[in-house]
Each structure stands twice: as C-alpha cells, then as structure tokens.
Amino acid sequence: MHLTQFSDYSLRLVIYLACHPGQVVSVDEISRAFGISRHHLVKVVQTVTELGVVESQRGRGGGMRLAMNPAEINIGWLIRHTEPHFHLVECFDPETNTCPISPSCGLKGALQRAQQAFLAVLDEYTLDQFMTRRADLVVLLGDYLEQHGRGDVPRGDH
C-alpha cells in the first residue's frame, strides 16, 4: 500500500497543528519544519480546510489552526478524503481499467479485502492518539530546523 504525498502532507499538517494547539501557524512555518514544498502544502491546506479539519485566516498575522479537536479527527476518515482515488491496482478503477482478466480475477477480491483491512485499522485511531509524545514531536521539529538552517519555529509547548 502506498499513500500519496498529498495524504502524507495532510497527516504532517494536522500533527504539526496539534503540536501547537490554539496557535495560528503559517504555511511557511510548516513547510520549513518538515522540509517540504510550500506549493504542495498550500493545496493540502485548501483541502483540509474544505473538510473542516483546519480553519485558516488570511491577511496579516494569518495562518491556520485545527478547527476540530484532535480526538474528533479520525485518521481513516482523513485518508479516505485525501486519497479520493485510492486504487491499489488498475482494475479497482472501472474508468481506467484495461486488464482483460479483471472480471474473473480472484486476486482483485483479495486486494480489495486487504485495502479495506488497512483502512479499518486506520479507522481505529484519532489524531489525539498520536499526540501522546507531543513534547518530543515539538523538539524534533525544532531540531530539524536548527540542523538544516531553515528558520526559527517556536519550540516549546505554548
């Protein structure tokens, strides 16, 4: 199974925001903290904002913060909404499937069950369950910035 970069960045975004509860955080800050593309992150922010997970503020002093309590952000739900075309193999998508054995292939059913099991496990978790070591995450994100000279991000629990 492979999640897209979009889902990866979505998870990083909500983890970062959960590390800084109540703070308004900029896209640039998160981009620097993870060493990821600002351009791609902007697209992620738009999507998770539309989903109601994040609220954003434009203008001077703008940025974003979680719009939901981390205990309400189900990881399986988030992945389903950031992976709209979550197809393990071509035959999962009837619009693009060109495999001639698809109608009789037994592998397709097994792969569908595996994908459902994968998502079912993620359904068991909410964001708050990944924040038990929040202080460690904040330190690691700050250490990354210091080691890579990418700017200053608040490091403490505020």
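Reading the sequence shown from the start, the letters are residues 13 to 170 in my numbering. Positions of the beta carbon are idealized from the N, C-alpha and C atoms, including for glycine. Bear in mind the structure is a predicted one, so any value in this text is a computation, not a measurement.
- Under the DSSP assignment, leucine 78 falls in the beta strand (DSSP E) whose first and last residues are 75-78.
- Around the beta carbon of leucine 119, fewer than 16 other beta carbons sit within 10 angstroms, so the residue counts as exposed.
- For asparagine 109 and cysteine 117, the gap between their C-alpha atoms comes out near 13 Å.
- Across the set Arg50, Ala147, Pro115, Ser22, the C-alpha of Ser22 shows the shortest separation from the C-alpha of valine 60.
- Residue nearest to leucine 152 within the set Phe18, Val26, Cys31 is Cys31 (criterion: CA-CA distance).
- Here the alpha carbon of arginine 72 sits roughly 28 Å from the alpha carbon of aspartate 20.
- By the C-beta criterion, the segment 76-90 is judged to be in contact with the segment 127-144, since at least 3 inter-stretch pairs fall below 8 Å.
- Taking a 10 Å sphere around the C-beta of threonine 144, we find fewer than 16 other C-beta atoms and assign the residue as exposed.
- Look at serine 68 here: in three-state DSSP terms it is strand.
- Residue ranges of uninterrupted alpha helix (DSSP H) with 4 or more members are absent from the segment 125-156; none lies entirely inside it.
- Separation of the CB atoms of leucine 25 and arginine 77 is rounded to 11 Å, and the pair is thereby denied contact status at 8 Å.
- For serine 49 and valine 36, the gap between their C-alpha atoms comes out near 20 Å.
- DSSP, read as helix, strand or coil, puts valine 39 in helix.
- Taking the Cα of histidine 93 as reference, the smallest distance to any Cα among Val56, Phe46, Leu149, Gly47 is reached at Val56.
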